[in-house]
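Chemist: In the UniProt record's numbering, the protein residues as written are 1 to 542.
Every residue, glycine too, gets a C-beta built ideally from N, C-alpha and C.
What you are looking at is a predicted structure, and each value in this text was computed from that prediction instead of being measured.
Below: one structure in structure tokens.
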Amino acid sequence: MDRRIYWQTPATMLGSLLMGILFAIGHHLFYQHLEGTAVLTAEYEIAGSQVSSQQANIAIGTALAFLCKASLVLAVSISYLQVFWHAAIAAGGKGRLTLGQIDSAYSALNNFLAFFHLKVWWMTPLALLSAVTAWLLPIASIITPATLSVEMAPASPPSTDMLNVPNLDFRSFRFLAEMPSRAFRPDFDTDPVSYWYNGPSQLVERVATAVASLGQILPIAHPAGRSNASYTLDFHGPALSCQAMESGQSIDVQQQIVDYAFSKPQYCGSPYGYLAWTSSRLPLVPSASYKYVDDHGETEIRRNYTLVSDSLSPDLEPATLYAVAVPALWRMVAFNSHAASPLCIATPQNEASNQTEPLGRYGAQFAAIQCQLYNSTYKVGFDYTEGDQDISINNDLDIAAGPIMIARKVYGPRQSDSFSCSNVSETLSLSPDDCDFNQTLLQTLAYEAVMDAFNRLLVGSVSANLVGDGGELALNRNSSIMSTTLVQAPEPQFLRDREPVRDYGGAPESTYASLQTILSGYESTIALLRGITNAEETSLNT
């Protein structure tokens, strides 16, 4: 008999043992990596099925446990057979084991009843140990996956660090454009100099334009470049409080709009659809007979602050923005010709139903609001998660203090060193007799600069005009409201309709239709309307 040891058997046994140990170590390291970590909510698609991250973790752990068990069982089974044949040859040759006992011991790996032949195991204890080990190993693949469980972790307070974060302080000249001085004064050498408000700074204007266009707060860099951080700021800042105009004031405004439509023949075909202004004085329409006496006793003609680029009232009054929307007048221009416009053939008397409705049937959906500037206390929470910005804002208007009064002119130091105040660098006041630095005044200037920047986008008018001999439809606007997200509000939403002609039932479908509308009816020009797309290539005849 050839008693040589072939290398395949011990190599397989040792290789299986080594693989089992490696799978066991991998299983341990995998579970150790998961210990104490948050359960992810992400899902994975495997073979068309959605699998949660926790299901994937359990599946990986079970697979490693099964491979470990299979490798060790293979190694133990091979070792058992080697021990069995060695014992069987030794004991069988001496007649100590019968053929039946040897057959029973051979089936011990898959027949549990073989363990009841005690004589066999008494004579081969090493084989007994191998067989018992082979039977106990599968238990590991059942218990081990259950060691991965999910439990509610106690909420631990987030770590806090003292870091510098951006803050807002409106007691700063950075919100203001350069304030020019009025140098021509008889007492220039001895009195403080007056400086005039000159609008917001360019930075404030750029921010206001971006915010109005996007309709959201601009991104703010998170502190120290961290992707996860949160902090809270408390500060004083400007805020608008808007409400509907009082009934009497609203009627006056409607009457002014009607008067404008009849002030000149060409105005009846282009009435206002949207109107915003800042002065509380009427009329809205320039009138040579409307005069007033200024602070110097001189008679002046009241300017129309609806039609000029002044976004703050010239008067020392509460900072207020007025706005009205007249959808019915906007849609009225859909008639076929300039001469057929209803206002061109009507009179104020037959258009108005009574004195409380000067616009008559064109007052449907008329909206008029006024917004005043107030000081407000802000509590703003900043939360950054993986770089995403989330800002929560709570503010409390200081209604009791009243609206912010416009500051047109302030007094401050001059360049001469003979100024009477002891510390000229700390002089800012509304009165030439005060030598104190008024921080509230500086805050007021910053507030009105912010409001001024937004007013410059809203003040003005939008109307749909009939121009030319054929009465072609055109938009006339000197307001930028249509480039802001405010046009999505319910009241001015009608301005988004670029074809007001279609909103009026009395006009034919094709009257004043745009070129794009006409081309949309032809299949051959659809590609021109789409622009750059991923559609199939289209060949054009040249």
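If you draw a straight line from the alpha carbon of Leu-14 to that of Ser-79, how long is it in whole angstroms?
Modeler: 10 Å
Chemist: Over what stretch of residues does the alpha helix (DSSP H) that includes Phe-23 continue unbroken?
Modeler: 8-34
Chemist: Assign Ala-244 to one of three DSSP states: helix, strand, or coil.
Modeler: strand
Chemist: Please report the residue range of the beta strand (DSSP E) in which Thr-377 lies.
Modeler: 367-385
Chemist: Consult DSSP for Asn-167 and reduce its assignment to one of helix, strand or coil.
Modeler: coil
Chemist: Using beta-carbon positions only, say whether Gly-20 and Leu-81 come within less than 9 Å of one another.
Modeler: no
Chemist: Out of curiosity, what's the CA-to-CA distance linking Ile-46 and Ala-276?
Modeler: Distance between the alpha carbons of Ile-46 and Ala-276 is about 59 Å.
Chemist: Can the beta-carbon of Ala-212 be found less than 9 Å from the beta-carbon of Ser-483?
Modeler: yes
Chemist: Does the Cβ of Gly-387 have 16 or more other Cβ atoms within 10 Å, making it buried, or fewer, making it exposed?
Modeler: Burial call: exposed.
Chemist: State yes or no: is the beta carbon of Gly-15 nearer than 9 Å to at least one beta carbon in chain C?
Modeler: Considering every chain present, this structure includes no chain C. It has just one protein chain.
Chemist: Once DSSP output is grouped into helix, strand and coil, what is the label at Arg-408?
Modeler: The DSSP-derived three-state label of Arg-408 is coil.
Chemist: Quick one: Cα of Ser-494 to Cα of Ser-463, how far?
Modeler: Inspection of the sequence shows that residue 494 is occupied by Phe rather than by Ser. Rounded to whole angstroms, Phe-494 to Ser-463 spans 12 Å at the Cα level.
Chemist: Assign Phe-235 to buried or exposed, taking buried as 16 or more other Cβ atoms, counted over all protein chains shown, within 10 Å of its Cβ.
Modeler: exposed
Chemist: Report the three-state DSSP secondary structure of Gly-43 (helix, strand or coil).
Modeler: This sequence places Glu at residue 43; Gly is not what is there. Correct three-state label for Glu-43: strand.
Chemist: Just the C-alpha distance for Ala-288 and Pro-358, rounded to the nearest angstrom, thanks.
Modeler: Note that Ala-288 has pLDDT 38, beneath the 50 cutoff, so the model's placement of it is unreliable and no number is given.
Chemist: How big is the Cα-Cα spacing for Tyr-44 and His-222?
Modeler: If I take the Cα positions, the gap works out to 32 Å.
Chemist: If you check the beta carbons only, do Pro-327 and Ile-404 fall under 9 Å apart?
Modeler: no
Chemist: When the Cα of Ala-446 is compared with those of Leu-373, Tyr-384 and Ser-479, which residue comes out closest?
Modeler: Leu-373
Chemist: Let me know the secondary structure DSSP gives Tyr-260 once reduced to three states.
Modeler: DSSP places Tyr-260 in the helix class (H, G or I) of the three-state scheme.
Chemist: For Met-451, count neighbouring Cβ atoms within 10 angstroms of its own Cβ and tell me buried if that reaches 16, exposed if not.
Modeler: Buried, by the Cβ-count rule.
Chemist: Hey, could you find the ends of the alpha helix (DSSP H) Tyr-197 is sitting in?
Modeler: Note, Tyr-197: premise wrong, no alpha helix (DSSP H); not H, not E.
Chemist: How would you label residue 548, buried or exposed, when you count the other beta carbons within 10 angstroms and need 16 or more for buried?
Modeler: A question about residue 548 goes unanswered here, because the residues of the chain that appear run from 1 up to 542.
Chemist: What's the C-alpha gap between residue 543 and Ala-239?
Modeler: With the chain covering 1 to 542 only, the question about residue 543 has no answer from this structure.
Chemist: Rounded to whole angstroms, what is the Cα-Cα separation between Ala-208 and Ser-49?
Modeler: Cα to Cα, Ala-208 sits roughly 49 Å from Ser-49.
Chemist: Say whether the region 194-206 touches the region 161-179, bearing in mind that this needs 3 or more beta-carbon pairs closer than 8 Å, one atom from each stretch.
Modeler: yes
Chemist: Is the CB-CB distance between Thr-278 and Asn-455 below 9 Å?
Modeler: yes
Chemist: If you compare alpha carbons, which of Asp-169, Arg-171, Phe-170 and Ser-194 is closest to Ser-181?
Modeler: Ser-194
Chemist: Work out the CA separation of Ala-367 and Glu-491 for me, nearest whole Å.
Modeler: Going by the C-alpha atoms only, they are around 7 Å apart.
Chemist: What's the gap between the Cα of Gln-488 and the Cα of Val-380?
Modeler: 26 Å
Chemist: In whole angstroms, what separates the C-alpha of Leu-29 from that of Leu-136?
Modeler: Whole-angstrom Cα-Cα distance: 23 Å.
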